[in-house]
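Numbering (this note's numbering), first residue to last: 21 to 301.
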């Protein structure tokens, strides 16, 4: 650090943390920015695979702490411009936008993650029960063919459940005229069952009932983790470096770690590389 650090240390310790703009923090966006992701994606993709850190935290919390830190150092930007590399004032000022890109990248994973697929299976089970109950009732009334309904009943397992949704939808479509006015099943339920069934069959490995992670999800996870790694690195090299130069040991009061405010365990546990936790100094 520059020799001026000692001078900064004495003056900074006499001051209180700068007054932050509470309205700005309250309005911190919960939605990310596709534009921000596009802006930083090339830099994120240049990160070596061995250096990638998986995102296991709330990116909105990271955005909040970036915002606090940038507000704190803003009055000192003229002095910070004199800091040597790897510090870069423009890179530091772009951290808020980078954090928005991380939020957006994380949201793309959540929309098609295995957790979401499990929710789709739950919905498929609900639709199967509704449609199959109606099909059995129609079969007993002689409206639907016995053989086709019994074949659907015989299925077991997740793959069969997905296929049952497809078969039930097709059964009601084939006999639409026969069941019209004789069942509470709606066209919307039939269409949804067919769509969900197709999605789930495509997500299952052949001959197994275990869902596989689609390549699109793997790509989204990789992008998310690369963006997170870029944010962690630049936050440390830029914003935390600036805060340490201005306030030395009191840096956390002004420029909190990325995950400040999370659980105590998360803040103190070192990462797998043996260093400070993600978002640490």
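In this text, a Cβ means the ideal position worked out from N, Cα and C, and glycines have one as well.
Secondary structure at residue 98, three-state DSSP: helix, strand or coil? Translated into positions along the chain shown, residue 98 becomes position 78. Correct three-state label for residue 98: helix.
Residue 113 in three-state terms, based on DSSP: Translated into positions along the chain shown, residue 113 becomes position 93. In the structure shown, residue 113 sits in a helix (DSSP, three-state: H, G or I).
Let me know if residue 177 comes out buried or exposed under the rule of 16 or more other beta-carbons within 10 Å of its beta-carbon. Taking the chain shown and counting its residues from 1, one reaches residue 177 at position 157. With fewer than 16 Cβ atoms within 10 Å of its Cβ, residue 177 is classed as exposed.
Compare the Cα-Cα distances from residue 108 to each of 278, 262, 271 and report the closest residue. Working through the chain shown from its first residue, we reach residue 108 at position 88. Cα-wise, what sits closest to residue 108 is 262.
Quick check: the Cα distance between residue 111 and residue 258, rounded to an integer number of angstroms? Stepping through the chain shown from its first residue, residue 111 is reached at position 91. Stepping through the chain shown from its first residue, residue 258 is reached at position 238. Each residue's alpha carbon lies about 7 Å from the other.
Pairwise C-alpha distance: residue 203 and residue 164: Along the chain shown, read from residue 1 onward, the residue named residue 164 stands at position 144. Along the chain shown, read from residue 1 onward, the residue named residue 203 stands at position 183. For residue 164 and residue 203, the distance between alpha carbons rounds to 12 Å.
Could you pull the start and end residues of the alpha helix (DSSP H) that residue 84 belongs to? Working through the chain shown from its first residue, we reach residue 84 at position 64. 79-93 is the extent of the alpha helix (DSSP H) around residue 84.
Residue span of the alpha helix (DSSP H) that contains residue 166, given as start and end: Stepping through the chain shown from its first residue, residue 166 is reached at position 146. Element bounds for residue 166: 166-173.
Under the assumption that residue 189 contacts residue 214 (Cβ atoms under 8 Å), give the Cβ distance between them as a whole number of angstroms. Reading the chain shown from its first residue, position 169 is the one you call residue 189. Reading the chain shown from its first residue, position 194 is the one you call residue 214. Yes, they are in contact, since the Cβ atoms of residue 189 and residue 214 sit about 4 Å apart, within 8 Å.
Are the stretch 95-106 and the stretch 268-277 in contact at 8 Å, needing three or more beta carbon pairs? These segments do not touch.
Nearest by alpha-carbon distance to residue 85: which of 251, 267, 266 is it? Indexing the chain shown from 1 puts residue 85 at position 65. Considering only alpha carbons, the answer is 251.
Hey, residue 210 and residue 192 are a contact pair by Cβ (cut 8 Å); roughly how many whole angstroms apart? For the purposes of this step, residue 210 is taken as the residue at position 190 of the chain shown. For the purposes of this step, residue 192 is taken as the residue at position 172 of the chain shown. Right, their Cβ atoms sit about 5 Å apart.
Give every residue of the same chain whose Cβ lies closer than 8 Å to the Cβ of residue 276, excluding the five residues on either side of it in the sequence, and list them in chain order. Within the chain shown, the letter at position 256 stands for residue 276. Here the set comprises 85, 88, 89.
CA-CA distance, residue 149 and residue 123? If you number the chain shown from 1, residue 149 lands on position 129. If you number the chain shown from 1, residue 123 lands on position 103. Near 37 Å, if we compare the C-alpha coordinates of residue 123 and residue 149.
On the premise that residue 246 lies in contact with residue 129, defined as a C-beta separation below 8 Å, what is that separation, rounded to the nearest angstrom? By 1-based counting over the chain shown, the position of residue 129 is 109. By 1-based counting over the chain shown, the position of residue 246 is 226. Not a contact, Cβ separation roughly 12 Å.
For residue 236 and residue 187, the rounded distance between their alpha carbons: Taking the first residue of the chain shown as 1, we reach residue 187 at position 167. Taking the first residue of the chain shown as 1, we reach residue 236 at position 216. Cα to Cα, residue 187 sits roughly 27 Å from residue 236.
Let me know the secondary structure DSSP gives residue 107 once reduced to three states. As a position in the chain shown, residue 107 is number 87, starting the count at 1. Correct three-state label for residue 107: coil.
Let me check understanding here. Comparing Cα to Cα, which of 180, 54, 56, 71 lies closest to residue 253? By one-based count along the chain shown, residue 253 stands at place 233. Minimum Cα distance to residue 253 is reached at 71.
Any beta-carbon of chain D closer than 8 Å to the one on residue 163? Here chain D cannot be found, since the structure has a single protein chain.
8 Å contact criterion, which residue 145 and residue 181 should meet: CB distance rounded: Sequence index remark: in the chain shown, residue 145 carries index 125 (1-based). Sequence index remark: in the chain shown, residue 181 carries index 161 (1-based). About 6 Å; that satisfies the 8 Å criterion.
Kindly list the residues whose CB is nearer than 6 Å to the CB of residue 198, restricted to its own chain and excluding five residues on each side of it in sequence; keep chain order. As a position in the chain shown, residue 198 is number 178, starting the count at 1. Only 163 meet the Cβ criterion.
CA-CA distance, residue 223 and residue 79? Working through the chain shown from its first residue, we reach residue 223 at position 203. Working through the chain shown from its first residue, we reach residue 79 at position 59. The straight-line gap from Cα to Cα measures roughly 28 Å.
Between 265, 170, 140, which has its C-alpha nearest residue 216's C-alpha? By one-based count along the chain shown, residue 216 stands at place 196. Considering only alpha carbons, the answer is 140.
Any non-hydrogen atom of the ligand COA within 7 Å of residue 162 CB: The ligand COA is not among the ligands present in this structure, which contains no ligands whatsoever.
Select from 239, 201, 160 the residue whose C-alpha is nearest the C-alpha of residue 125. Position 105 of the chain shown, counting from 1, holds the residue named residue 125. Residue 239 is the option with its Cα nearest to residue 125.
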